[in-house]
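K.L.:
Please find one structure pasted underneath; my questions will follow.
In the UniProt record's numbering, the protein residues as written are 1 to 155.
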């Protein structure tokens, strides 16, 4: 991690300890689980949504997940809680808008997998089971491949 990113993340965590959240405006959508935000200090940051993994753009439902995320938060003010930095330097964060948790909404809509390797929120697993049983979104495709397996096959 470069020094600038490390300093910025340390500042995010420090401010999170005192304020509990960071308010920002969503100015870009990279994919279903990655958004670009601009905070009150005009600092741009890329957020990787915590606890969910959406299909990649080359996968079935990848564009649907991106469109859903865009329809929910693009151009809107959100609150986020930074958790960590991922290996690409993105801030992993819990993103909230209009009283909703974005990762949860993606899972309920059948447009993302509960990323259980990085989450202990069993409610997200239950919501995924409901979407799966009702064949909502990606669960309507019997041959759908989880994005972590798709990434392995394309690298």
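Glycine is no exception: its CB is placed at the ideal position from the N, C-alpha and C atoms.
1) What are the uninterrupted segments assigned as beta strand (DSSP E) that are 3 or more residues long and contained completely in the UniProt domain "TNase-like" (20–141), given in chain order?
2) Between residue 93 and residue 47, is the Cβ-Cβ spacing less than 7 Å?
3) Got a sec? Which residues, its chain only, sit under 6 Å from residue 28 by beta carbon, not counting five neighbours each side?
4) What is the rounded straight-line gap between the Cα of residue 70 and the Cα of residue 125?
5) Given a threshold of 16 other Cβ atoms within 10 Å of its Cβ, counted over all protein chains shown, does residue 107 qualify as buried or as exposed?
6) Measure from the alpha carbon of residue 42 to the alpha carbon of each residue in 51, 24, 49, then state which is nearest.
7) Quick one: what does DSSP say residue 146 is sitting in, helix, strand or coil?
8) I believe residue 97 touches residue 73 by the beta-carbon criterion, under 8 Å. Please report the beta-carbon distance rounded to the nearest angstrom.
9) Based on Cα-Cα distance, which residue from 87, 119, 59, 76 lies nearest to residue 51?
10) Just the C-alpha distance for residue 140 and residue 152, rounded to the nearest angstrom, thanks.
P.N.:
In short:
1) 22–31, 34–39, 44–49, 77–85, 91–97
2) yes
3) 36
4) 23 Å
5) buried
6) Distance from the Cα of residue 42 is smallest, within the candidate group 51, 24, 49, for 24.
7) coil
8) 5 Å
9) 119
10) 23 Å
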